[in-house]
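Trainee: Okay, handing you the structure first.
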Amino acid sequence: MASLFSLKKSGDETRDISSFVTQVFSWSIGNIFNHDLYKNKVNKIPETFFSVEQYLNSFRYPLLEETRADLSSNMKSLYQAPKCKIVSVEKHKDYKPPKNFVYKILLVDTGTDSISKKEAYKPQASDLIAFSDVRPENVKDFTRMSYIPAMVLNVDGDTSKPCSVEVLSSKPITTVGPLFAVFLINMTTNLSYMESIKWRKKWRYYTEGFASKFPEAEMMLSNGLDSFDLNESQLHAVLRSIATSSCSHKNSVKLIWGPPGTGKTKTIGVLLSALLKLKCKTLTCAPTNTAVVEVTTRLMSIVKQTLESSNYGLGDIVLFGNAERMKINDTGDLHEVFFDYRCKILWRCFAPHSGWGYQLKSMILWLEEAYQQYLLCRENAKETAESINNQEVVIEDFSEFLRGRFTDIEKEMRFSIVSICSHMPTSFLSVTLVKKMYTARNTLKDFRSLLKTSSFSELELKKIFSKYGMTGFSDTSTSALLSLRKIRTECLEVLRSLEEFTFPNFPDEGSIRDFCLQNACLIFCTASSSANLSGVKNLKLVVVDEAGQLKECESAIPLQLPDVKHAILIGDELQLPAMVQSKISENAGFGRSLFERLVSLKHDKHLLNVQYRMHPSISVFPNEQFYNKQILDASNVKEKSYNRKFLQGSMYGSFSFISVSYGEEEFNDKHSLKNVVEVAVISEIIENLYNASTANSYKVSVGVISPYKAQVHALMDKLGNKYAEMDSNFSVSVRSVDGFQGAEEDIIIMSTVRSNSNGKVGFLSNHQRTNVALTRARYCLWILGNGRTLIDSDSVWSKLVCGAKERGCYFNVDDDKMLSEVAIEASTARLASLSLGERSSTNPSSRSVLK
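Mapping to the numbering used here: the sequence shown position 660 is 674, numbers consecutive.
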């Protein structure tokens, strides 16, 4: 990661610090909290451009402003930021003032020293950190020794503590005494984009994509695709993409439009499995680690069903990224294709003095003349003993030596065979070789079993395992001895045949890393991490999943890789775009995706038009409102079994709007809205769902969502961990609408929060956010809100509530006696609390009592 921001050394061995890092280093704390710092430099990103230069540069200041806003936001909550104590600071060999203040620092996890485990800092490359002479809890702690930001360049891979970190500091570190480091933000994506601005090599086809349309190649149904049960629109998308990948005369950008529940992930999985069979070298990117893991998991579920000879073929797939962020563990399927794990395994297999070549020769020599090796070892042992005060040495007999030595070599060979067949790319490992290697493993296994379970005399073993072991057998030899001799011969034959195959020479682990990337067929990583793949050759195609959630400048990173000819973007511009911290950058269009831009320029997009997630009564409104009735309901959601009743009463059908007029919206201390009456009502509904689930022994997952963070926190506080601890068949997930994008649950309960007399609904009216909220449920969607407020809002919510009335799906909270009592009780408690608060604010004695 270090190469992203200027670790390429020039002739004088100094570091070329990028202008972006220099700019961030130059900000004072006042600059960071100045919301108008770049106000006059951030311009609206144009719809069209005169040049590639103009296009790329249009993102420069919005990105700087977004970085400032992100840094400002994180600094406001330093008390919970990851932090650690610094053990020592020393100048690195690259320390060369006045710009290159490079240090090697040792950090120790202070999680046991009044810092929670959650706050303990584990550094990553491209982290922006700051130093303090006290454990930093707020921005004022930086002013004691002045604000000194630094960038993490490299982290020592050794997991022992304290860990060694190489940093580039903005200023000399001169503090004597205690020193602490606190994490501010990670700059990987920002640095990747700023670096990509310099490339400017592969933009002809990309800029053409803004206005051009490309003729589709003639397509035929490929053998094997019919087994995946794709609908017509999915099949067309896959075939269209395959045709694009095979086109060599013209570069192109294709769009696949995947509304909620239309099998976008399945379509990508089938497409990638087809590209794998065609050996089309493809990079698959997504905005987040979670999204990358999801699409890789889908591909693996398909590939695992078709693999030959155990895991042969997985070597063509590489998942590239950070193990901790991707939550890779040794028990899941993904570790089998995870890049760091693979390199570690293959280095063990091909280490010069202990790897496969050494093991193969050792086993052949052992099978040929184990007895001669035994005699040599015994002689060496005697000489060693005599040289140490004439000590007497106890030497094991030949049978013990034989079994022990065989076990050691065979164990390593078994590991190497399985690992090589699983992790080597198929371009270097034929099916024929794999079959030979597994034959060798099985033959050695039979040999081990016979050697372990049968009894042989020393003389018999000496006859077999010596240079002359092929002779000296008579018809009176036991069947076990003859079997051992036969299997030994078979082992030698297959092992000698394996000597004919040569593997690449790997002098170090770095050469294996390069080998794995250069020879992989499918590579998966985040868009920002793709900057590390600039040296990978023949990457012909880029597939971008969740393209609607990827900032346009982030899409620029993988699309500029040297050999890329085609891009396939899969997404939905009608769902939520990328998150943007700065209002200035947001207003400039910084959060817009490349997918959305191309759609706005009338670029063709292929629609996946069958949804498999939602009951038809749930899908009908978003389909009409957002997708112009283009989405069809699949047969599975129209079946009678999909009409599930989790609670009694018409209020709890597949779709309902429940009007809660008792409560009022109110701001919390962070200026976000909440509605405590809706919280109480939702809590009661969930309690009823849990009781019904327990009584009837059925499994159900519930999602509770709201557009407002304050309401999400209020719901979390109310529900706590109660249901997580009680029953594995009943789960409740509480998240914001933004946090629920891409997720789904059996039941979704939505709290709209807004309750006022003038119809104000704020950002609740955002069509993209509304679309996401209304399309997460499988069987039931129950929406709580003030019906009158929403009807008066002159927004999409007015249409939804009026439509619910027309469909007979509109209910008042009073229609359910228990809910009504809960709502009234919560409203009364709220009013009493407000009244007490007013009295205490005007009565000093009251305030002192309350304290």
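Glycine is no exception: its CB is placed at the ideal position from the N, C-alpha and C atoms.
The model shown is predicted, which means the values in this text are computed figures rather than measured ones.
What's the call for Met208, buried or exposed, on a 16-neighbour Cβ count within 10 Å?
Mentor: By 1-based counting over the sequence shown, the position of residue 208 is 194. The residue in question, Met208, is buried, as its Cβ has 16 or more Cβ neighbours within 10 Å.
Trainee: Runs of 3 residues minimum, wholly inside the segment 253-334: which ones carry the beta strand (DSSP E) assignment?
Mentor: 266-271, 296-300, 331-333
Trainee: Looking at Ile537: is its Cβ nearer than 8 Å to the Cβ of Tyr676?
Mentor: Looking up residue 537 in the sequence shown gives position 523. Looking up residue 676 in the sequence shown gives position 662. Not in contact: Ile537 and Tyr676 (Cβ atoms no closer than 8 Å).
Trainee: Measure how close the beta-carbons of Ala541 and Pro518 come, nearest whole angstrom, since I'm counting them as under 8 Å.
Mentor: The residue given as residue 541 occupies position 527 in the sequence shown. The residue given as residue 518 occupies position 504 in the sequence shown. The pair is not a contact, with the Cβ atoms about 30 Å apart (cut-off 8 Å).
Trainee: For Gly817, tell me which candidate among Ala337, Asn601, Val634 has the shortest Cα-Cα distance.
Mentor: What you label residue 817 is simply residue 803 of the sequence shown in a count that begins at 1. Of Ala337, Asn601, Val634, the smallest CA-CA separation from Gly817 is found for Val634.
Trainee: Given that a residue counts as buried once 16 or more other Cβ atoms are within 10 Å of its Cβ, and exposed if not, what is Lys477?
Mentor: For the purposes of this step, residue 477 is taken as the residue at position 463 of the sequence shown. Buried: at least 16 other Cβ atoms inside 10 Å.
Trainee: Considering just the uninterrupted stretch of the alpha helix (DSSP H) at Ser747, what are its terminal residues?
Mentor: Taking the sequence shown and counting its residues from 1, the one referred to as residue 747 is at position 733. Looking at the DSSP string, Ser747 is not in any alpha helix (DSSP H); the run it does join, the beta strand (DSSP E), is 744-750.
Trainee: Going by DSSP, what residue range makes up the beta strand (DSSP E) through Trp796?
Mentor: By 1-based counting over the sequence shown, the position of residue 796 is 782. Here the beta strand (DSSP E) through Trp796 covers 791-799.
Trainee: Comparing alpha-carbon positions, which option in Val718, Glu308, Phe660, Lys291 lies nearest Asp330?
Mentor: In the sequence shown, residue 330 corresponds to position 316, counting from 1. Nearest option by C-alpha distance: Lys291.
Trainee: Assuming Ile632 and Ala791 form a contact by the criterion Cβ under 8 Å, report the distance between their Cβ atoms to the nearest whole angstrom.
Mentor: By 1-based counting over the sequence shown, the position of residue 632 is 618. By 1-based counting over the sequence shown, the position of residue 791 is 777. Contact flag correct, Cβ pair sits at about 6 Å.
Trainee: Whose C-beta lies closer than 7 Å to the C-beta of Leu333 among residues of the same chain, with five residues either side of it excluded?
Mentor: To locate residue 333, count along the sequence shown from 1; it is residue 319. Cβ neighbours of Leu333 beyond the five flanking positions: Thr310, Leu348, Val351, Phe352, Phe353, Phe538.
Trainee: With C-beta atoms as the reference, is Ser255 less than 8 Å away from Lys264?
Mentor: Looking up residue 255 in the sequence shown gives position 241. Looking up residue 264 in the sequence shown gives position 250. Result no, Cβ atoms of Ser255 and Lys264 do not sit closer than 8 Å.
Trainee: Give a yes or no on whether the C-beta atoms belonging to Leu646 and Val624 are separated by under 8 Å.
Mentor: Along the sequence shown, read from residue 1 onward, the residue named residue 646 stands at position 632. Along the sequence shown, read from residue 1 onward, the residue named residue 624 stands at position 610. Their beta carbons are under 8 Å apart, which means Leu646 touches Val624 by this criterion.
Trainee: For the beta strand (DSSP E) that Thr540 lies in, which residues bound it at each end?
Mentor: As a working note, residue 540 is residue 526 in the sequence shown. It spans 536-540 - the beta strand (DSSP E) in which Thr540 sits, taken as one unbroken run.
Trainee: Is Phe115 closer than 8 Å to Pro192 when the C-beta atoms are compared?
Mentor: Position 178 of the sequence shown, counting from 1, holds the residue named residue 192. Position 101 of the sequence shown, counting from 1, holds the residue named residue 115. Not closer than 8 Å, so no.
Trainee: Just verifying my parser: in three-state terms, what is the DSSP assignment at Pro518?
Mentor: The sequence position of residue 518 within the sequence shown is 504, counting from 1. DSSP places Pro518 in coil when its eight states are reduced to three.
Trainee: Considering just the uninterrupted stretch of the alpha helix (DSSP H) at His580, what are its terminal residues?
Mentor: As a first step, residue 580 must be located in the sequence shown, where it is residue number 566. Premise fails: His580 lies in the beta strand (DSSP E), 580-585, not in any alpha helix (DSSP H).
Trainee: Terminal residues of the continuous beta strand (DSSP E) containing Asp760?
Mentor: By 1-based counting over the sequence shown, the position of residue 760 is 746. Unbroken beta strand (DSSP E) run through Asp760: 759-765.
Trainee: If you check the beta carbons only, do Gln373 and Glu426 fall under 8 Å apart?
Mentor: The residue given as residue 373 occupies position 359 in the sequence shown. The residue given as residue 426 occupies position 412 in the sequence shown. It is a contact, given that the beta carbons lie within the stated cut-off.
Trainee: Quick check on the DSSP output: what are the complete alpha helix (DSSP H) runs of length 4 or more inside the segment 547-578, in order along the chain?
Mentor: 566-573
Trainee: Identify, in the order they occur along the chain, each residue of the same chain with its Cβ nearer than 6 Å to the Cβ of Ile761, setting aside the five sequence neighbours on each side.
Mentor: Position 747 of the sequence shown, counted from the start, is the residue given in the question as residue 761. Excluding residues within five positions, the ones whose Cβ falls inside 6 Å are Val716, Cys794.
Trainee: Grab me the residues of Ala750's own chain with a C-beta within less than 8 Å of its C-beta, minus the 5 sequence neighbours each way, in chain order.
Mentor: Mapped onto the sequence shown, residue 750 falls at position 736. In the sequence as displayed, the identity of residue 750 is Ser instead of Ala. Around Ser750: Ile719, Ser720, Pro721, Tyr722, Lys723, Val726.
Trainee: Classify Ala592 as helix, strand or coil using the three-state DSSP reduction.
Mentor: Within the sequence shown, the letter at position 578 stands for residue 592. DSSP places Ala592 in coil when its eight states are reduced to three.
Trainee: Evaluate Gln68 with the Cβ neighbour count: other Cβ atoms within 10 Å of its Cβ, from every protein chain shown; 16 or more gives buried, anything less gives exposed.
Mentor: Mapped onto the sequence shown, residue 68 falls at position 54. So Gln68 ends up on the exposed side.
Trainee: Relative to the alpha-carbon of Ser511, which residue among Tyr452, Val550, Leu575 has its alpha-carbon at the smallest distance?
Mentor: For this step, residue 511 is matched to residue 497 along the sequence shown. It is Tyr452 whose Cα lies nearest to the Cα of Ser511.
Trainee: Compute the beta-carbon to beta-carbon distance between Glu680 and Arg768, rounded to the nearest angstrom, for a pair I have assumed lies under 8 Å.
Mentor: By 1-based counting over the sequence shown, the position of residue 680 is 666. By 1-based counting over the sequence shown, the position of residue 768 is 754. 11 Å between Cβ atoms; not a contact.
Trainee: Thinking Phe34 and Leu205 are a contact (beta carbons under 8 Å), I'd like their distance in whole angstroms, please.
Mentor: Taking the first residue of the sequence shown as position 1, residue 34 is located at position 20. Taking the first residue of the sequence shown as position 1, residue 205 is located at position 191. About 7 Å separates the two Cβ atoms, so the contact holds.
Trainee: Helix, strand or coil for Ser469 per DSSP?
Mentor: Here residue 469 refers to the residue found at position 455 when the sequence shown is read from its first residue. Three-state result, Ser469: coil.
Trainee: When DSSP labels each residue in this structure, what does Ile129 get in the three-state scheme?
Mentor: By 1-based counting over the sequence shown, the position of residue 129 is 115. Interpretation of Ile129 is limited by its pLDDT of 48, a score under 50 that renders its predicted location unreliable; the figure taken from the coordinates is listed afterwards. Of the three classes helix, strand and coil, the one that applies to Ile129 here is coil, per DSSP.
Trainee: From this set, Asn552, Asp808, Leu328, which residue's C-alpha is nearest Pro576's C-alpha?
Mentor: Along the sequence shown, one-based indexing puts residue 576 at 562. It is Asn552.
Trainee: Counting beta carbon pairs with one atom in the segment 655-668 and one in the segment 293-311, are three or more of them shorter than 8 Å?
Mentor: Touching, no.
Trainee: Take Ser413 and list the residues in its own chain whose beta-carbon comes closer than 8 Å to its own, dropping the five residues that flank it on each side.
Mentor: Residue numbering aside, residue 413 sits at position 399 when the sequence shown is read from its first letter. The answer, listed in chain order, is Phe470, Glu472, Leu475.
Trainee: So, Gly369 versus Ser430, is the Cβ gap smaller than 8 Å?
Mentor: Translated into positions along the sequence shown, residue 369 becomes position 355. Translated into positions along the sequence shown, residue 430 becomes position 416. Yes; because the gap between Cβ atoms is below 8 Å, this pair is in contact.
Trainee: Look at the Cβ atom of Leu285, then the Cβ atom of Val252, and state whether they are nearer than 8 Å.
Mentor: Counting from 1 along the sequence shown, the entry for residue 285 is found at position 271. Counting from 1 along the sequence shown, the entry for residue 252 is found at position 238. It is a contact, given that the beta carbons lie within the stated cut-off.
Trainee: Report the CB separation of Ala592 from Lys565 in whole angstroms; it is logged as a contact under 8 Å.
Mentor: For the purposes of this step, residue 592 is identified with residue 578 of the sequence shown, where counting begins at 1. For the purposes of this step, residue 565 is identified with residue 551 of the sequence shown, where counting begins at 1. 5 Å between Cβ atoms; contact.
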